[in-house]
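Trainee: From first to last, the protein sequence lines are chains G and E. Taking the working numbering, I'd label the letters of the first sequence as residues 1 to 259. Taking the working numbering, I'd label the letters of the second sequence as residues 1001 to 1259. Structure in structure tokens, see below.
Number of protein chains: 2
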Amino acid sequence: MLTTALVCVGLNGFSQQISAPSRYDILYNYGIIEAFIGGLYKGTLPIKDLKLKGDFGIGAPDMLDGELTMLDGKAYQTKATGETVVLDNDYKTAFSTVTFFKADTVFYVNNATEQQNLLEVIKDGLRNINAMYAIKITGDFGHVKTRAFPPVKAEPFPLLSTILDKQQFFDIQNTEGTLVGYHLPEYLNGIQISGFHLHFLSADTKQGGHVLDFNGHNLKVEIAELKSLELDIPTGHDFQNFKFKPKHSEALERVEQGK
Amino acid sequence: MLTTALVCVGLNGFSQQISAPSRYDILYNYGIIEAFIGGLYKGTLPIKDLKLKGDFGIGAPDMLDGELTMLDGKAYQTKATGETVVLDNDYKTAFSTVTFFKADTVFYVNNATEQQNLLEVIKDGLRNINAMYAIKITGDFGHVKTRAFPPVKAEPFPLLSTILDKQQFFDIQNTEGTLVGYHLPEYLNGIQISGFHLHFLSADTKQGGHVLDFNGHNLKVEIAELKSLELDIPTGHDFQNFKFKPKHSEALERVEQGK
């Protein structure tokens, strides 16, 4: 399967990078993932403000109520019930990542391919593993496995890693749709998630969620290298009082203190 | 000494926060400190471009040649020889952090105070330990201990923590001047340095460097809370090929993979 995909890429090739206006070069991130998975699920940024920063991206709806996917300027919520709805502009998010998406690299994979193989091909083709990339994959999906969390109810909210048994899983079959997401560098892990992170939205916008696995064919892969991170932090008391884990670095401390 | 400083702050008080235009709310960071201390000392951003992002800040001159301090829109280099000079606009930096500085909190410490006490007072007064702060301390300094690195020569460049014995130290006595720097949150450690990081520039702009210790009196402390981080990464091959340490987070991986 990997060979098939590679041959396919070889035939089509990666297109040349083209210069793009600067707003297409920015990864906008609201929130710090360490705080989010630590229980800061309450939304603090309205969707209308998020839309000022991008038309494409992924995030978390208010109170962990499902999964957020932004595509072509519309924000969608896939709930744990399986329902996918358009989010109001006044709805809030606790953590989101968006971009004004404009691909600088496009290639096609016509043969059937699975998640692991396709993501390996994409990763191998990235010009700079230490850069940030927005990734959009559109086409026919034989299968997409997604998940969505049900909303949290009462404070104090649990750590996200302790309520993985609350996730609802969806096996979406034979649908057109789009994978929306990012490949981010290692140095952003903790602020964001390093590596790939993809959400799905079906072409009829009725199905979606956080992607755990997929296979597809006739896929158009669009990649945008992002040159700058814009990071906004929540202003409320919950964020203010959150205890971040110390990221001890002996080398950094010695250099700072000169000894 | 701590008591003295606290009383002094108590008398003067922290002023009210005022709203500020947005360019004063941005911390601009060029580069990733983990890569810089890992040997990426070659400058890749011209000072003229850095000045578009701030008029106040700290950084590293090309080839680790001393310490960079920006104040009132001018960039200064304090060399390991002890000399401090104005940097040309075409000179390059490998790592720098700048801000358009406008204080939202101002207080005065008239009594003699030492670094540890004053920084404790400042830290205790920060509204939000998880926010980013630019800090400017102006006044009379009885003593400032600074350091500056000599330039590196041949590649491959050594890790910064392995050449701490090359630092030159300076004991600056009885001078007016300004401490320029930041207090940054824990979640930025690795991209930046968490906690305090200050450089010094004497009022006659002849002396400076990375601050290791100080005492002073008649100090004006100005603090600006920064709401947004703008992070630009170097575009060259050295950065592209740098191996960042994996920041393993089991919780993040489990959440991402849903298991």
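Glycine included, each C-beta is placed from N, C-alpha and C at the ideal position.
Are the Cβ atoms of E/L1179 and E/F1200 separated by less than 9 Å?
Mentor: Counted from its first residue, the second sequence places residue 1179 of chain E at position 179. Counted from its first residue, the second sequence places residue 1200 of chain E at position 200. Contact: yes.
Trainee: State buried or exposed for G/G73, treating a residue as buried only when at least 16 other CB atoms are found within 10 Å of its CB.
Mentor: One-based indexing of the first sequence puts residue 73 of chain G at position 73. Under this definition G/G73 is an exposed residue.
Trainee: Alpha carbon to alpha carbon, how far is E/L1160 from G/L226?
Mentor: The sequence position of residue 1160 of chain E within the second sequence is 160, counting from 1. The sequence position of residue 226 of chain G within the first sequence is 226, counting from 1. Spanning the two alpha carbons is a distance of roughly 29 Å.
Trainee: When you compare only the Cα positions, how much space is there between E/R1147 and G/V152?
Mentor: On the second sequence, residue 1147 of chain E is found 147 positions in, with the first residue counted as 1. On the first sequence, residue 152 of chain G is found 152 positions in, with the first residue counted as 1. The straight-line gap from Cα to Cα measures roughly 51 Å.
Trainee: Which residues in the same chain as G/A80 place their Cβ atom closer than 7 Å to its Cβ, once the five residues preceding and following it in sequence are excluded?
Mentor: Position 80 of the first sequence, counted from the start, is the residue given in the question as residue 80 of chain G. Hits under 7 Å: G66, A148, F149, P150, Q168.
Trainee: Just list the residues that DSSP pairs E/R1147 with in beta bridges.
Mentor: In the second sequence, the residue the question calls residue 1147 of chain E occupies position 147. Answer by DSSP bridge pairing, in chain order: E/F1169, E/H1210.
Trainee: Give the residues of chain E in contact with G/N265, contact being defined as C-beta atoms less than 7 Å apart.
Mentor: What the structure shows of chain G is the stretch from 1 to 259, and residue 265 of chain G is not part of that stretch, so it cannot be assessed.
Trainee: On the DSSP letters alone, give me the boundaries of the beta strand (DSSP E) that E/H1197 sits inside.
Mentor: Position 197 of the second sequence holds residue 1197 of chain E. Run containing E/H1197: 1195-1202, per the beta strand (DSSP E) assignment.
Trainee: Starting from the C-beta of E/I1122, find all residues in its chain whose C-beta is less than 6 Å away, skip the five residues before and the five after it, and write them out in chain order.
Mentor: In the second sequence, the residue the question calls residue 1122 of chain E occupies position 122. Result list for E/I1122: empty, nothing under 6 Å.
Trainee: Determine the contact status of E/L1064 and E/A1134, defining contact as a CB-CB distance below 9 Å.
Mentor: Your numbering for residue 1064 of chain E matches position 64 in the second sequence. Your numbering for residue 1134 of chain E matches position 134 in the second sequence. The answer is no: Cβ separation not under 9 Å.
Trainee: In terms of alpha-carbon separation, which member of E/A1224, E/K1102, E/T1044, E/M1070 lies closest to E/S1202?
Mentor: The residue given as residue 1202 of chain E occupies position 202 in the second sequence. The residue with the shortest Cα to Cα distance from E/S1202 is E/M1070.
Trainee: Give me, in chain order, the residues of the same chain whose beta-carbon lies closer than 6 Å to that of G/L87; leave out the 5 immediate sequence neighbours on both sides.
Mentor: Residue numbering aside, residue 87 of chain G sits at position 87 when the first sequence is read from its first letter. For G/L87, where only same-chain residues beyond five positions count, the Cβ hits under 6 Å are I47, A75, Q77.
Trainee: Are the beta-carbon atoms of G/T138 and G/L219 separated by less than 9 Å?
Mentor: Along the first sequence, one-based indexing puts residue 138 of chain G at 138. Along the first sequence, one-based indexing puts residue 219 of chain G at 219. Yes, the Cβ-Cβ distance between G/T138 and G/L219 is below 9 Å.
Trainee: Could you check the C-alpha separation between G/Y182 and E/Y1108 for me, to the nearest Å?
Mentor: If you number the first sequence from 1, residue 182 of chain G lands on position 182. If you number the second sequence from 1, residue 1108 of chain E lands on position 108. Near 47 Å, if we compare the C-alpha coordinates of E/Y1108 and G/Y182.
Trainee: The alpha helix (DSSP H) with E/G1125 in it runs from where to where?
Mentor: In the second sequence, the residue the question calls residue 1125 of chain E occupies position 125. Taken as a continuous stretch (DSSP letters only), the alpha helix (DSSP H) holding E/G1125 covers 1115-1125.
Trainee: Within 9 Å (strictly less), CB to CB, does G/E114 reach chain E?
Mentor: Walking along the first sequence from the start, residue 114 of chain G turns up at place 114. It does not: the Cβ of G/E114 has no partner Cβ on chain E nearer than 9 Å.
Trainee: With 16 other CB atoms within 10 Å as the buried threshold, where does G/G13 fall?
Mentor: Stepping through the first sequence from its first residue, residue 13 of chain G is reached at position 13. For G/G13, the predicted structure reports a pLDDT of 36, less than 50, and the residue's modelled location is therefore unreliable. The matter cannot be settled from this model.
Trainee: Can you have a look at G/H217 and say buried or exposed, based on whether 16 or more other CB atoms are within 10 angstroms of its CB?
Mentor: If you number the first sequence from 1, residue 217 of chain G lands on position 217. Exposed is the call here.
Trainee: Under 9 Å, CB to CB, which of the residues in the segment 188-222 of chain G have a partner in chain E?
Mentor: Residues L188, N189, G190, I191, I193, S194, G195, F196, H197, H210, L212.
Trainee: Less than 9 Å between the C-beta atoms of E/Y1091 and E/D1124, yes or no?
Mentor: Translated into positions along the second sequence, residue 1091 of chain E becomes position 91. Translated into positions along the second sequence, residue 1124 of chain E becomes position 124. No, the pair does not count as a contact, with Cβ atoms beyond the cut-off.
Trainee: Do E/I1191 and E/L1252 have their beta-carbon atoms positioned less than 9 Å apart in this structure?
Mentor: Locating residue 1252 of chain E in the second sequence gives position 252, counting from the first residue. Locating residue 1191 of chain E in the second sequence gives position 191, counting from the first residue. Not closer than 9 Å, so no.
Trainee: Give the single residue among E/N1215, E/T1162, E/A1035 whose Cα lies nearest to the Cα of E/G1142.
Mentor: In the second sequence, the residue the question calls residue 1142 of chain E occupies position 142. It is E/N1215 whose Cα lies nearest to the Cα of E/G1142.
Trainee: Could you spell out where the alpha helix (DSSP H) holding E/L1050 opens and where it closes?
Mentor: For the purposes of this step, residue 1050 of chain E is taken as residue 50 along the second sequence, with counting starting at 1. Unbroken alpha helix (DSSP H) run through E/L1050: 1047-1050.
Trainee: Restricting to runs no shorter than 3 residues, where is the beta strand (DSSP E) found entirely within the segment 63-137 of chain G?
Mentor: Listed in chain order, the complete beta strand (DSSP E) runs (minimum 3 residues) inside the segment 63-137 of chain G are 67-71, 74-78, 84-86, 92-99, 105-109.
Trainee: For E/L1160, which residues in chain G fall below 8 Å Cβ to Cβ?
Mentor: Translated into positions along the second sequence, residue 1160 of chain E becomes position 160. Near E/L1160 (Cβ distances below 8 Å), the residues of chain G are A251, V255.
Trainee: Would you verify that the beta carbon of E/K1048 is, or is not, closer than 9 Å to some beta carbon of chain G?
Mentor: The residue you call residue 1048 of chain E lines up with position 48 of the second sequence. Taking Cβ atoms only, chain G never reaches closer than 9 Å to E/K1048, which makes this a no.
Trainee: Is the separation between the beta-carbon of G/V255 and that of E/I1037 shorter than 9 Å?
Mentor: For this step, residue 255 of chain G is matched to residue 255 along the first sequence. For this step, residue 1037 of chain E is matched to residue 37 along the second sequence. Their beta carbons are under 9 Å apart, which means G/V255 touches E/I1037 by this criterion.
Trainee: Throw me the rounded Cβ distance for the E/D1238 and E/L1040 pair, which I believe falls under 8 Å.
Mentor: Along the second sequence, one-based indexing puts residue 1238 of chain E at 238. Along the second sequence, one-based indexing puts residue 1040 of chain E at 40. Yes, E/D1238 and E/L1040 are in contact; Cβ-Cβ is about 5 Å, under 8 Å.
Trainee: Do E/G1258 and G/H210 have their C-beta atoms within less than 9 Å of each other?
Mentor: Counting from one through the second sequence, the residue named residue 1258 of chain E turns up at place 258. Counting from one through the first sequence, the residue named residue 210 of chain G turns up at place 210. It is a contact, given that the beta carbons lie within the stated cut-off.
Trainee: Using the Cβ count rule (16 or more neighbours within 10 Å means buried), how would you classify E/T1162?
Mentor: As a first step, residue 1162 of chain E is located in the second sequence; it is residue number 162 there, counting from the start. So E/T1162 ends up on the exposed side.
Trainee: From which residue to which residue does the beta strand (DSSP E) around G/E230 run?
Mentor: Position 230 of the first sequence, counted from the start, is the residue given in the question as residue 230 of chain G. Its beta strand (DSSP E) spans residues 228-232.
Trainee: By Cβ distance, which residues of its chain are closer than 7 Å to E/D1140, with the 5 residues on each side in sequence left out?
Mentor: Mapped onto the second sequence, residue 1140 of chain E falls at position 140. Taken in chain order, the residues that qualify are E1176, G1216, H1217, N1218.
Trainee: Mind checking if G/A80 is an interface residue toward chain E, Cβ cutoff 9 Å exclusive?
Mentor: Within the first sequence, numbered from 1, the residue matching residue 80 of chain G stands at position 80. No, G/A80 lies away from the interface with chain E (no Cβ there is under 9 Å from its Cβ).
Trainee: Say whether chain E places a C-beta atom closer than 9 Å to the C-beta of G/Q173.
Mentor: Looking up residue 173 of chain G in the first sequence gives position 173. Not an interface residue.
Trainee: Quick check on E/L1184: does DSSP put it in helix, strand or coil?
Mentor: As a first step, residue 1184 of chain E is located in the second sequence; it is residue number 184 there, counting from the start. Residue state, collapsed to three classes: strand.
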